[in-house]
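Below: the structure, in structure tokens.
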Amino acid sequence: MNSDDQLTFSKRAKEWHGTPFTVRWIDNTVKALTVSPGKEQFERWVVDKYRPQAGVAVITACNRRVPRSSKTPTPTAPVKTLVERNTFMFRAAAAHYGVTSDGIRMWHEYASEMNLFQPERTGNPPRRGKETSGMWMALLDGHKLPIIDLDYSRRTAIAEFDKARDALERWRTDPKLFWDDIFTRSKSIIPSPEILGMDPRIRQRVAIDDAFRTRLYFLQKSHMAWKAAAELFEELAARGLNTPAAIERAYQREPALVWRFVAVIERNSALTRKMWANFQQLLAASKYYGPLLKPSRGTDGIARITSNNVAIQALGKTFTPMDDIVVQTAISLTPSPVGFFQRVEDSIDKKEREKFSAEEFEAMGDIAAANEFNSQFMRTEFGMRLFSHAARLEKDPSTDRALMLSTVCFIDPAKLSPSPPAYWDRVGEASRCARAQNLTWSETMWQKSIEELLIFFQNVAGPMALASSDNVAPLMPVEMFNDIWKKLDEAMWDSAAALDRRGEQGRVAREYGLWNPSDRNRPKATRHLFWELEMQATRGDPVQPKTTPAAVPQVYEQTIPVSQTTAQSGHAFASSKEVTKAKVKTRGDAAPTPVEVEVAAEEEPVVLPQRLPSEFKLGKKTLKLFHRVLEPPEDDEKDDAPTKGQVKWGDFETAMKRIGFEIVQTAGSSVRFEPPAATARPITFHRPHPDAILSPHAIKWLGARLKRTYGWTTATFQRVEGE
Numbered sequence: 001m002n003s004d005d006q007l008t009f010s011k012r013a014k015e016w017h018g019t020p021f022t023v024r025w026i027d028n029t030v031k032a033l034t035v036s037p038g039k040e041q042f043e044r045w046v047v048d049k050y051r052p053q054a055g056v057a058v059i060t061a062c063n064r065r066v067p068r069s070s071k072t073p074t075p076t077a078p079v080k081t082l083v084e085r086n087t088f089m090f091r092a093a094a095a096h097y098g099v100t101s102d103g104i105r106m107w108h109e110y111a112s113e114m115n116l117f118q119p120e121r122t123g124n125p126p127r128r129g130k131e132t133s134g135m136w137m138a139l140l141d142g143h144k145l146p147i148i149d150l151d152y153s154r155r156t157a158i159a160e161f162d163k164a165r166d167a168l169e170r171w172r173t174d175p176k177l178f179w180d181d182i183f184t185r186s187k188s189i190i191p192s193p194e195i196l197g198m199d200p201r202i203r204q205r206v207a208i209d210d211a212f213r214t215r216l217y218f219l220q221k222s223h224m225a226w227k228a229a230a231e232l233f234e235e236l237a238a239r240g241l242n243t244p245a246a247i248e249r250a251y252q253r254e255p256a257l258v259w260r261f262v263a264v265i266e267r268n269s270a271l272t273r274k275m276w277a278n279f280q281q282l283l284a285a286s287k288y289y290g291p292l293l294k295p296s297r298g299t300d301g302i303a304r305i306t307s308n309n310v311a312i313q314a315l316g317k318t319f320t321p322m323d324d325i326v327v328q329t330a331i332s333l334t335p336s337p338v339g340f341f342q343r344v345e346d347s348i349d350k351k352e353r354e355k356f357s358a359e360e361f362e363a364m365g366d367i368a369a370a371n372e373f374n375s376q377f378m379r380t381e382f383g384m385r386l387f388s389h390a391a392r393l394e395k396d397p398s399t400d401r402a403l404m405l406s407t408v409c410f411i412d413p414a415k416l417s418p419s420p421p422a423y424w425d426r427v428g429e430a431s432r433c434a435r436a437q438n439l440t441w442s443e444t445m446w447q448k449s450i451e452e453l454l455i456f457f458q459n460v461a462g463p464m465a466l467a468s469s470d471n472v473a474p475l476m477p478v479e480m481f482n483d484i485w486k487k488l489d490e491a492m493w494d495s496a497a498a499l500d501r502r503g504e505q506g507r508v509a510r511e512y513g514l515w516n517p518s519d520r521n522r523p524k525a526t527r528h529l530f531w532e533l534e535m536q537a538t539r540g541d542p543v544q545p546k547t548t549p550a551a552v553p554q555v556y557e558q559t560i561p562v563s564q565t566t567a568q569s570g571h572a573f574a575s576s577k578e579v580t581k582a583k584v585k586t587r588g589d590a591a592p593t594p595v596e597v598e599v600a601a602e603e604e605p606v607v608l609p610q611r612l613p614s615e616f617k618l619g620k621k622t623l624k625l626f627h628r629v630l631e632p633p634e635d636d637e638k639d640d641a642p643t644k645g646q647v648k649w650g651d652f653e654t655a656m657k658r659i660g661f662e663i664v665q666t667a668g669s670s671v672r673f674e675p676p677a678a679t680a681r682p683i684t685f686h687r688p689h690p691d692a693i694l695s696p697h698a699i700k701w702l703g704a705r706l707k708r709t710y711g712w713t714t715a716t717f718q719r720v721e722g723e
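Below, the structure written as structure tokens:
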């Protein structure tokens, strides 16, 4: 590109409220999609994504031409927010090229989703600092892709796997949580047309049963995806493969390692898509956003959400940019995590945050964690090279296809449900096999049901039995709860065994986190929430701290300037946030870098101890908090239970910092705590929302997870001598 072209794009970017990188990207896209073969490829993508009837309407809008204008449109109002900048940029681009704004948006969506037509990135790759999800994505605009942050990926995978495993076990040990979870999810289930005409009692029962299957499948899917990721990154650390170059050399020698990476990426990508679908349904049923949306399910079984334009127009000026972001996300077939989190962080404030329920905020946190993990492969140089190598290997006739399929797919291929090719497949047959595996287990789990139990509740307690989860508890003693789970475990174990490959008995069950119904240590209801802690309390079995292989620190060699924006609808984002200079560390995230180009001296690497100390000496206030969190569980939720001190989330974060933990915030409520020890496992919790006060039940959960992960008891925390 010559200097005149650069000047033209820079001038255009300034007038359009965009960036030179984004303007060049749009220009490349328009040129590619208005001629063959790009035009035909785009139209096939539209039909695949939106289905023939809706796809034709989209293609018609993209083919429509309007008079071109050499002048940039005049904004009708000040252009301030990210949403306003994006809207104006597409409007200005449409006028320049003589097409519609909808056409430009759709072309850009295609280019973004398929990772096509991007101009050359000339800036040095940014280094991950303390940025939130959206801000980190904003740093990539116009810059070369980062290599990959292996340490960040490893810690994310470990923390998310432990959380998924613990949540799956808690469904068997915590009757209150089990029913609360199902009843909450049932409110957002979108019923099929045939269900709507049924008796209200049947509709209620079907919704709760559907919620049971949906939530159980989601927990198992989370376990399967994060287990593969955590085990892969722990093995890499144990083998001393702690740099991208070392891993690339290894996977070029070992095809099995390539397919393990492919399996991890495919499973986590599928999990992220499922998270989005769940989040959209939560929004459609939410107190604030529900009235602005119209959910439905067709005879084909596919859920659809459209905007309620009458309700939106009735809000008038009170319909905020944040509301527009959420509505567009809820109705999109493939919402962009990058665009969503950037726009949310640009628009959200305390008042806007309160529009989200606790469940919606938790879902946002889970999506942010999964999306950031996936971005380490989808948006990095390492990931691009990995996918390119895997795609070549998949097409090579000499490739050991049995090895490829057995690594990517643990279900017997002969028992997989058919899954045709999809436009988002990155690695051919390997991608299709991974998708077929998800479909097969989904169909298997949909055959499981608790409807007989729900009918029993209605027969015993009448029509209002299923009106609230609080009504169910008195109807189901602990023995009955354990018996129901025993039967469910038997059914799921048999289903998994029927899908096992020959010679790999039990593999499907392990991947999905199932328990052998014959196992004496199979989890049962306990006030300790984990069976491991129950054994500690009743038999004196000590809980050993859980560890992970220590990774060799990665030391960065230069300070990289921060980019201004992101390519995908995120211009002017990073520059609107305060970025400060901090020292480089070898644990936690790398420090933020200054906006101006400047070279900083390297800090000495921080050498961490291998293990956490067996005892902490603390002041009175911090000691009291840890003792409250770790005290033995009692029936503290009964009306006559003794009053105990509240725990504020902010105080808990402060206490964890006091003993050396670092805190990683993501979007939504997800917070990860990084321990000050090389082999200690990071741990993730959801911050309470909207009130930052931990309920007694939440305190018990938090304490149980800390005990299980680090082996802590109240005796671990002692008063500072002489205080």
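Taking this note's numbering, the leading residue of the sequence shown gets 1, the next gets one more, and so forth. Beta carbons: idealized from backbone N, C-alpha and C, even for Gly. Please read these numbers as outputs of a predicted model, since none were measured by experiment.
| Query | Result |
| --- | --- |
| Is it right to say Leu333 is buried, meaning 16 or more other beta carbons lie within 10 angstroms of its own, or is it exposed? | exposed |
| Please report the distance separating the alpha-carbon of Met224 from that of Ala94. | 44 angstroms |
| Assign Ala303 to one of three DSSP states: helix, strand, or coil. | strand |
| Let me make sure I understand the geometry here. Which of Arg510, Trp107 and Trp712 has the alpha-carbon closest to that of Val35? | Trp107 |
| In whole angstroms, what is the alpha-carbon distance linking Gln610 and Ser388? | 37 angstroms |
| How many angstroms separate the CA atom of Asn242 from the CA atom of Arg379? | 19 angstroms |
| Would a C-beta distance cut-off of 8 angstroms place Arg172 and Ala211 closer than the cut-off? | no |
| Taking the C-alpha atoms as reference points, what is the distance between Pro545 and Met198? | 52 angstroms |
| Which of the three DSSP states, helix, strand or coil, is assigned to Pro255? | helix |
| One question on the structure: do Ala430 and Val408 come within less than 8 angstroms of each other, judged by their Cβ atoms? | yes |
| Could I get the ranges of all uninterrupted alpha helix (DSSP H) runs contained in the segment 225-299, with 4 residues as the minimum, in chain order? | 244-253 and 255-284 |
| Just how far apart, CA to CA, sit Asn86 and Ala497? | 51 angstroms |
| Answer with buried or exposed for Gly103, where buried requires no fewer than 16 other C-beta atoms within 10 angstroms of its C-beta. | buried |
| Taking the alpha-carbon positions, what's the Thr538 to Ile659 distance? | 30 angstroms |
| Could you pull out every residue in the same chain whose Cβ sits closer than 8 angstroms to the Cβ of Arg91, ignoring the five residues on either side in sequence? | Pro73 and Ser101 |
| Which first and last residues belong to the alpha helix (DSSP H) in which Arg185 is found? | Pro175 to Ser186 |
| If we call anything under 8 angstroms between Cβ atoms a contact, is Ala157 one with Phe373? | yes |
| With DSSP as the reference, label Ala662 as helix, strand or coil. | What sits at residue 662 in the sequence shown is Glu, not Ala. Here Glu662 sits in strand by DSSP. |
| If you draw a straight line from the alpha carbon of Glu602 to that of Tyr97, how long is it in whole angstroms? | Here Glu602 scores only 45 on pLDDT, less than 50, and its place in the model should not be relied on; the value that follows carries that caveat. Approximately 48 angstroms between the Cα atoms of the pair. |
| Which residues bound the alpha helix (DSSP H) around Gln536? | Trp531 to Arg539 |
| In terms of DSSP beta bridges, what is His727 paired with? | For residue 727 there is no data in the structure shown, the boundaries of the chain being 1 and 723. |
| Looking only at DSSP bridge pairs, what is Ala93 linked to? | In DSSP, Ala93 forms no bridge with anything. |
| Give the single residue among Pro517, Ser518, Phe161 and Gln536 whose Cα lies nearest to the Cα of Thr526. | Gln536 |
| Who are the Cβ neighbours of Arg68 in its own chain at under 8 angstroms, not counting the five residues just before and after it? | Ala95, His96, Tyr97 and Gly98 |
| Can you give the Cα-Cα distance for Arg12 and Pro20, rounded to whole angstroms? | 8 angstroms |
| Using 8 angstroms for Cβ pairs, my map puts Ala698 next to Pro682. What's the rounded Cβ distance? | The Cβ separation is near 20 angstroms, so there is no contact. |
| Do you know how far the Cα of Thr622 is from the Cα of Ala692? | 18 angstroms |
| Using a Cβ-Cβ cutoff of less than 7 angstroms, which residues in the same chain neighbour Gly703 once the five nearest sequence positions on both sides are dropped? | Val629 and Leu630 |
| Please say whether Ile59 and Asp209 have beta carbons closer to each other than 8 angstroms? | no |
| Taking Cβ to Cβ, would you say Arg267 is nearer than 8 angstroms to Ala434? | yes |
| Give me the Cα-Cα distance between Asp640 and Phe717, rounded to the nearest whole angstrom. | Residue placement at Asp640 is flagged as unreliable, the pLDDT there being 47, under the threshold of 50; the coordinate-derived value follows with that caveat. Each residue's alpha carbon lies about 29 angstroms from the other. |
| Which value, in whole angstroms, describes the spacing of the CA atoms of Glu231 and Arg510? | 13 angstroms |
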